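Notes to accompany the following structure.
Chains as they are written, first to last, in the working numbering: chain S, 1 to 345; chain U, 346 to 684.
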């Protein structure tokens, strides 16, 4: 995520968003701020993990990036090209390169289509191959790639378990040779032993095909395992973005800290320590008041937190946080009296 | 064994449960035995289809009537076998002496009654002699206990968030001060921060009320934080059991338990690759002749495919695996817990 100041041309991020916003209209002309001012960059072969609690806008963000939902404001750049304003017809060739894997392997595939038909559906829509036989051959190749035995080719989804169904979803997403895949909680519906199989598969495919993933999940141990960078979202905003190791070693935002502390660890060392609990629940995303969205639950809440939005600033190279505690008042010179020096390197 | 019965709140012996339809027979629970001491929490860990929930439903005798059958075994609650009780007697047990919290709070509450009415219903059912005021008082007390303002008792379930609903369900389960609380994945549907709130609450309530608990979960993190004893279930069998120390600090484990631990991404160290257990859970309508885990086990021996293993024990730590057969049973370093 380093900006390149030298003469060497900087690598173009595969996906970049600038101030991306998605608001939904709700009753009485009010606005639900699902995704608010998101700036992110994602390079080929890398994984960006997006974590947050339910309702924080992670899935909406994923779908907005793919333009399955039209953004309200801001820009989405794909390989340097602004795709925000492209219409359906112009988007179509790009759709091949941007795919999504859904959370629920039970509802994302058509129960009346056999495995091989499901996998070849996208190829038929995009007329990738001139004849049926080639499409089928490719579908079988994809089954091999994702580790689905060929004998399931003519099975129907109800005959398969969750892990195999998820493999169908993955094979289908790969069928058009995408470069970018949004993985929307792809393992949360699976048992741990199957989850590990799918995570390994996704990581192997990434190495092999140089894919970029945006990995949306609420499971922090999974996201740490698979991501290069992690973005923590809270109520539509990004509160912290850093390299995976850095985020876990040195979380800066109080919400990130609370989130990390809330995971029950599978060892006895932390057994007797009290759970670190953040009080209260997520407030409403409908017409949110100005100020930090986390302020109501934050134990360090200061007056300014409820008055203005904290800026999303780089506290150490590659580590971005939106919090007055860490950033002081502002990026522009005035210093805050309460700003701490927590953000050391 | 050697335990005095008064110390045990629940003693399940050799329980076998099947689901029988015209077409097939699902062997859901295949002869499990477990014990819970008074005031202790037992964790029942395993993947989907291991038979955890079936075990819980058998205790309350809530198996689907058309298909579920308890073939054999005993479920002794406080010294009395629940399986010999009549339906009327069971009704006095459910919700009163043993209560259960289900996984999904959204579907365990009735959307057309207020939460106060629903908690009150459970109280009135088991305490006929309470006056209206006393019941209301008790509802307020329960809501306070789980951290909800009593003034919200006139609200309907849809007005509460997921975490709050689960608290209401827990309040309902605890309102008659049961001696045993069965919690079936109580936090799986909740976000981590809310899960932490609910777990902290469960921990605190358990200390305050001295309730014994059967905690069903697939999350080893929750086991480490909440439970005193653990049983690991696989395909209807308990493959390993012991205290939490045995499970998390013990040197020897059942190969399935090892696989389970290797499958979780470790949050404190980064392994490049996970080591999943190969293959899938066996078909419960057609279980292997030998050890249920044999087809997926990397230590599988000839005997594993032919014979079911016995239970081998080292102090409190028990294994259901041929690997622990006599020649492998070294006594060195066994950490016996004095009960």
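All C-beta atoms in this analysis are idealised placements derived from N, C-alpha and C, irrespective of residue type, glycine included. From a predicted model like this one, the values you see are computed outputs, not experimental measurements.
Residue i versus residue j - alpha carbon distance
| i | j | result |
| --- | --- | --- |
| residue 653 of chain U | residue 637 of chain U | 8 angstroms |
| residue 564 of chain U | residue 224 of chain S | 17 angstroms |
| residue 271 of chain S | residue 571 of chain U | 8 angstroms |
| residue 685 of chain U | residue 593 of chain U | The structure shown has nothing for residue 685 of chain U, since chain U only spans 346 to 684. |
| residue 487 of chain U | residue 424 of chain U | 29 angstroms |
| residue 414 of chain U | residue 522 of chain U | 29 angstroms |
| residue 23 of chain S | residue 38 of chain S | 13 angstroms |
| residue 500 of chain U | residue 461 of chain U | 8 angstroms |
| residue 100 of chain S | residue 181 of chain S | 5 angstroms |
| residue 450 of chain U | residue 435 of chain U | 24 angstroms |
| residue 79 of chain S | residue 15 of chain S | 6 angstroms |
| residue 335 of chain S | residue 227 of chain S | Residue placement at residue 335 of chain S is poorly supported in this model, since its pLDDT is 37, which falls under 50; the coordinates still yield a value, given next. Near 34 angstroms, if we compare the C-alpha coordinates of residue 227 of chain S and residue 335 of chain S. |
| residue 325 of chain S | residue 444 of chain U | 46 angstroms |
| residue 260 of chain S | residue 280 of chain S | 17 angstroms |
| residue 566 of chain U | residue 264 of chain S | 5 angstroms |
| residue 308 of chain S | residue 291 of chain S | 4 angstroms |
| residue 104 of chain S | residue 165 of chain S | 9 angstroms |
| residue 378 of chain U | residue 170 of chain S | 41 angstroms |
| residue 176 of chain S | residue 96 of chain S | 5 angstroms |
| residue 380 of chain U | residue 556 of chain U | 15 angstroms |
| residue 174 of chain S | residue 143 of chain S | 10 angstroms |
| residue 94 of chain S | residue 386 of chain U | 54 angstroms |
| residue 195 of chain S | residue 149 of chain S | 18 angstroms |
Range covered by the alpha helix (DSSP H) that runs through residue i
| i | result |
| --- | --- |
| residue 478 of chain U | 477 to 490 |
| residue 398 of chain U | 397 to 404 |
| residue 59 of chain S | 58 to 65 |
| residue 607 of chain U | 600 to 608 |
| residue 223 of chain S | 220 to 226 |
| residue 174 of chain S | 162 to 174 |
Close Cβ partners of residue i (< 6 angstroms) along its chain, the five nearest in sequence each way excluded
| i | result |
| --- | --- |
| residue 532 of chain U | 540 and 543 |
| residue 467 of chain U | 440, 517 and 520 |
| residue 527 of chain U | 401, 445 and 559 |
| residue 213 of chain S | 47, 181 and 183 |
| residue 246 of chain S | 319 |
| residue 650 of chain U | 635 and 639 |
Endpoints, beta strand (DSSP E) assigned at residue i
| i | result |
| --- | --- |
| residue 349 of chain S | Outside the modelled stretch of chain S, which goes from 1 to 345, sits residue 349 of chain S, for which no answer is possible. |
| residue 582 of chain U | 582 to 588 |
| residue 371 of chain U | 370 to 382 |
| residue 414 of chain U | 413 to 422 |
Own chain partners of residue i with C-beta closer than 8 angstroms, once the 5 adjacent residues on each side are dropped
| i | result |
| --- | --- |
| residue 295 of chain S | 301, 305 and 306 |
| residue 74 of chain S | 17, 18, 19, 20, 21, 37, 38 and 84 |
| residue 688 of chain U | An answer regarding residue 688 of chain U cannot be provided, because it is not within the stretch 346 to 684 covered by chain U. |
| residue 289 of chain S | 306 |
| residue 114 of chain S | 153, 154, 155 and 156 |
| residue 26 of chain S | 32 and 286 |
Per-residue DSSP class, three states only, for residue i
| i | result |
| --- | --- |
| residue 136 of chain S | helix |
| residue 508 of chain U | helix |
| residue 440 of chain U | coil |
| residue 89 of chain S | helix |
| residue 660 of chain U | coil |
| residue 307 of chain S | coil |
| residue 98 of chain S | strand |
| residue 434 of chain U | helix |
| residue 33 of chain S | strand |
| residue 496 of chain U | helix |
| residue 646 of chain U | coil |
| residue 473 of chain U | coil |
| residue 40 of chain S | strand |
| residue 655 of chain U | coil |
| residue 538 of chain U | helix |
| residue 143 of chain S | helix |
Spatial neighbours of residue i in its chain, beta-carbon cut-off 7 angstroms, leaving aside the 5 residues before and after
| i | result |
| --- | --- |
| residue 13 of chain S | 41, 42 and 43 |
| residue 562 of chain U | 388, 390, 530 and 568 |
| residue 373 of chain U | 362, 363, 364, 396, 399, 581 and 629 |
| residue 491 of chain U | 512, 515, 516 and 546 |
Contact set between residue i and chain A, taken where Cβ atoms lie within less than 7 angstroms
| i | result |
| --- | --- |
| residue 589 of chain U | Looking at the structure shown, chain A is missing, and the protein chains on hand are S and U. |
Are the region 567 to 585 of chain U and the region 194 to 205 of chain S in contact at 8 angstroms, needing three or more beta carbon pairs? Segments in contact, no.
Do the region 592 to 611 of chain U and the region 179 to 188 of chain S meet, that is, are 3 or more Cβ pairs less than 8 angstroms apart? A contact between stretches requires three or more CB pairs, one per stretch, nearer than 8 angstroms, and the region 592 to 611 of chain U fails this requirement with the region 179 to 188 of chain S.
If contact is defined by three or more beta carbon pairs under 8 angstroms, each pair taking one atom from either stretch, is the region 454 to 465 of chain U in contact with the region 478 to 496 of chain U? They touch, by the three-pair rule.
Under 8 angstroms: do the region 23 to 35 of chain S and the region 277 to 288 of chain S share three or more Cβ pairs, one atom per stretch? Touching, per the Cβ criterion.
If we count Cβ pairs, one from each stretch, closer than 8 angstroms, do we get three or more for the region 119 to 131 of chain S versus the region 579 to 593 of chain U? With the cut-off at 8 angstroms, the region 119 to 131 of chain S and the region 579 to 593 of chain U do not touch.
Please determine if the region 51 to 69 of chain S and the region 321 to 328 of chain S are in contact, where contact requires at least 3 C-beta pairs separated by less than 8 angstroms. Segments in contact, no.
Does the region 396 to 404 of chain U come into contact with the region 416 to 431 of chain U, if we say contact requires no fewer than three beta-carbon pairs (one atom in each stretch) closer than 8 angstroms? Touching, yes, given that three or more Cβ pairs across the two stretches are closer than 8 angstroms.
Using 8 angstroms as the cut-off, can you tell me whether the region 89 to 108 of chain S makes contact with the region 257 to 271 of chain S, which would need three or more C-beta pairs spanning the two stretches below that distance? The answer is no - the region 257 to 271 of chain S does not touch the region 89 to 108 of chain S, with fewer than three Cβ pairs under 8 angstroms.
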